[in-house]
Amino acid sequence: MSHVVLATASPELAATVAAATGGAYVALPQLPTTPGEVLAVAGGLPEAVVLDARTAPDQVLDVAAGLTAISPGIGIILVSDCPAEVGLAAMRAGVRDILTPAADATEMRDALGRAAQLARPQTPPAGLPLTTDAGAEGKVITVVSPKGGVGKTTVATNLAVGLARTVPHSTVLVDLDLQFGDVASALNLDPEYSLADAVHNPARRDTMVLKTFLTLHETGLYVLCAPESPAAADGISGDDVGRLLQALASQFRYVVVDTAPGLNEHTLSALDQTTDPVLLTSMDVPGVRGLRKELDTLTDLGMFAEGRFVLLNFEDPANGLSIADVEATIARAVDLTLPRCPAVPASVNQGVPLLQVGGKNSMTRQLGRLVERFAGVPTLVAKPGRRRGRHRGVKVGA
-2 MSHVVLATAS
8 PELAATVAAA
18 TGGAYVALPQ
28 LPTTPGEVLA
38 VAGGLPEAVV
48 LDARTAPDQV
58 LDVAAGLTAI
68 SPGIGIILVS
78 DCPAEVGLAA
88 MRAGVRDILT
98 PAADATEMRD
108 ALGRAAQLAR
118 PQTPPAGLPL
128 TTDAGAEGKV
138 ITVVSPKGGV
148 GKTTVATNLA
158 VGLARTVPHS
168 TVLVDLDLQF
178 GDVASALNLD
188 PEYSLADAVH
198 NPARRDTMVL
208 KTFLTLHETG
218 LYVLCAPESP
228 AAADGISGDD
238 VGRLLQALAS
248 QFRYVVVDTA
258 PGLNEHTLSA
268 LDQTTDPVLL
278 TSMDVPGVRG
288 LRKELDTLTD
298 LGMFAEGRFV
308 LLNFEDPANG
318 LSIADVEATI
328 ARAVDLTLPR
338 CPAVPASVNQ
348 GVPLLQVGGK
358 NSMTRQLGRL
368 VERFAGVPTL
378 VAKPGRRRGR
388 HRGVKVGA
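As numbered in our numbering, residues -2 to 395 make up the sequence shown, in order.
The following block contains the structure:
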């Protein structure tokens, strides 16, 4: 079986691949019309396939999607004159890399190396198991708060971006604030599809189709955004949310969920699938009292007796509350605090998370610690929180 297949009629591209592989490849002198043609010349499943998309991009992308459906581990490299134009369609077809015709042998060798690394079984670092084994599932990290305006989307987007950078293509962020979610704005995205599309199409039954409804952020994070219109959320049930998160957890190491304020039907369904709840509040009396009610409600529902992670935002010694005051009110320790920071509003307004650009401010440091908390823990550390009964529409607040 050959590990590298090249499909092109271009002698120049063939010479580049020959130099990159030392001649260890097989060639299709014309573009394939079916994935079977690629597998036949390879004699099995190759590690990498280089497809020349300059003359018939739609045909090539169809072949790429077919190869991905047969074996997602095949590293598909596209050669295109217009990478920006085909980028989104290529991502949905499972393409790993896009090179221009001007790419030299070194660039091609690097791309083939990445493809080979993804294709072969990997031994991950301690605490970072892959989610490709049979029956394995990723973490579902759900950020919840009793009230709005506490920085929940800021926390969720930064956490997701940070996790995405620990391992490429490892993380998906779901905006479960279905009526007024603004994850797309926080990441400066203009998504073609939303969560409503993902639960009302064949994607609900096929994880490969589901991936085509995700939007790829420049950091390598995959995103499933909220519907543009609140009316589009009306047909999404709690069961739809549960099935969606189960499917995503089977494909990604980390599923980060941003939620609407309170504990509505969709949030409770997400918590049913959650391995790691992040309970967030602001450092003010209404927020802290709301958090206490939320903690009591989860206890009453029999959810997450252990493993709750309490995050306190807008820490400011000048506001009249101390961390000791907060802990006395909620009857438990605060796990991490996020300081009030002038860099946050600019980050939100520009749609660029702090962990995307880095920096030395106190907020970025603390967000980095939040990422380390989840990136350094084995994926399957707890069963999803199952609540007693089928309580729906619980709303808490001060």
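Just so it is clear, CB atoms sit at the ideal spot from N, CA and C, and this is done for glycine as well.
As the structure is a computational prediction, the values presented were derived from the model and not from experiment.
Problem set entry | Continuous alpha helix (DSSP H) stretch holding LYS290: start and end | Translated into the one-based positions of the sequence shown, residue 290 becomes position 293. 282 to 297 is the extent of the alpha helix (DSSP H) around LYS290.
Exercise. Are VAL180 and ASP255 touching if we call contact CB-CB under 9 Å?
Worked result: The sequence position of residue 180 within the sequence shown is 183, counting from 1. The sequence position of residue 255 within the sequence shown is 258, counting from 1. Cβ atoms of VAL180 and ASP255: closer than 9 Å.
Problem set entry | Nearest-angstrom beta carbon gap, ILE320 and VAL285 [assumed within contact, 8 Å] | Stepping through the sequence shown from its first residue, residue 285 is reached at position 288. Stepping through the sequence shown from its first residue, residue 320 is reached at position 323. Contact doesn't hold; Cβ gap of about 11 Å is too wide.
Problem set entry | Proximity of LEU42 and ALA6 at Cβ, strictly below 9 Å | If you number the sequence shown from 1, residue 42 lands on position 45. If you number the sequence shown from 1, residue 6 lands on position 9. No.
Exercise. Can the beta-carbon of VAL76 be found less than 9 Å from the beta-carbon of LEU10?
Worked result: As a position in the sequence shown, residue 76 is number 79, starting the count at 1. As a position in the sequence shown, residue 10 is number 13, starting the count at 1. Cβ atoms of VAL76 and LEU10: closer than 9 Å.
For this session: Tell me the start and end of each unbroken alpha helix (DSSP H) in the segment 13 to 39 that is at least 4 residues and wholly inside, in chain order.
Result: 32 to 39
Problem set entry | Per-residue burial, VAL14 [other beta carbons within 10 Å of its own, 16 or more giving buried] | Along the sequence shown, one-based indexing puts residue 14 at 17. Burial call: buried.
For this session: Give the secondary structure of LEU3 by DSSP, where H, G and I count as helix, E and B as strand, and everything else as coil.
Result: Position 6 of the sequence shown, counting from 1, holds the residue named residue 3. In this structure, LEU3 counts as strand in the three-state DSSP scheme.
Problem set entry | Length of the line joining the Cα atoms of ALA246 and ASP236 | Position 249 of the sequence shown, counted from the first residue, corresponds to residue 246. Position 239 of the sequence shown, counted from the first residue, corresponds to residue 236. Whole-angstrom Cα-Cα distance: 15 Å.
For this session: Measure the alpha-carbon distance for LEU186 versus HIS214 and round it to whole angstroms.
Result: Reading the sequence shown from its first residue, position 189 is the one you call residue 186. Reading the sequence shown from its first residue, position 217 is the one you call residue 214. Taking the straight line joining both Cα atoms gives about 7 Å.
For this session: Please classify GLY72: does DSSP put it in a helix, a strand, or coil?
Result: Counting from 1 along the sequence shown, the entry for residue 72 is found at position 75. Note: GLY72 maps to strand in three-state DSSP.
Exercise. Relative to the alpha-carbon of PRO32, which residue among VAL2, ALA39, LEU64 has its alpha-carbon at the smallest distance?
Worked result: The residue you call residue 32 lines up with position 35 of the sequence shown. Closest by alpha carbon: LEU64.
For this session: Following the continuous beta strand (DSSP E) through ARG51, name the residue where it begins and the one where it ends.
Result: Taking the first residue of the sequence shown as 1, we reach residue 51 at position 54. Counting along the chain, ARG51 falls outside any beta strand (DSSP E), and DSSP gives it neither H nor E.
For this session: Determine the extent of the alpha helix (DSSP H) in which PHE249 is found, giving its start and end residues.
Result: By 1-based counting over the sequence shown, the position of residue 249 is 252. Note, PHE249: premise wrong, no alpha helix (DSSP H); not H, not E.
Exercise. For the beta strand (DSSP E) that contains LEU309, what are its first and last residues?
Worked result: Here residue 309 corresponds to residue number 312 of the sequence shown, with the count starting at 1. Start and end: 306 to 312.
For this session: Just the C-alpha distance for THR271 and GLY135, rounded to the nearest angstrom, thanks.
Result: Numbered from 1 along the sequence shown, position 274 holds the residue referred to as residue 271. Numbered from 1 along the sequence shown, position 138 holds the residue referred to as residue 135. Distance between the alpha carbons of THR271 and GLY135 is about 10 Å.
Exercise. To the nearest angstrom, how far is it from the Cα of PRO54 to the Cα of ARG106?
Worked result: Translated into the one-based positions of the sequence shown, residue 54 becomes position 57. Translated into the one-based positions of the sequence shown, residue 106 becomes position 109. Distance between the alpha carbons of PRO54 and ARG106: 23 Å.
Exercise. What's the gap between the Cα of ASP94 and the Cα of LEU335?
Worked result: Locating residue 94 in the sequence shown gives position 97, where the first residue counts as 1. Locating residue 335 in the sequence shown gives position 338, where the first residue counts as 1. Distance between the alpha carbons of ASP94 and LEU335: 37 Å.
Problem set entry | Through-space distance from VAL1 to VAL158, alpha-carbon basis | Position 161 of the sequence shown holds residue 158. Position 4 of the sequence shown holds residue 1. Going from the Cα of VAL158 to the Cα of VAL1 covers about 32 Å.
Exercise. Pairing CB atoms from the segment 140 to 154 with CB atoms from the segment 97 to 111, are three or more of them under 8 Å?
Worked result: no
Exercise. For the candidate residues ALA315, LEU242, ASP332, VAL345, whose alpha-carbon lies nearest to that of VAL275?
Worked result: Here the question's residue 275 lines up with position 278 in the sequence shown. Among ALA315, LEU242, ASP332, VAL345, the Cα nearest to that of VAL275 belongs to ASP332.
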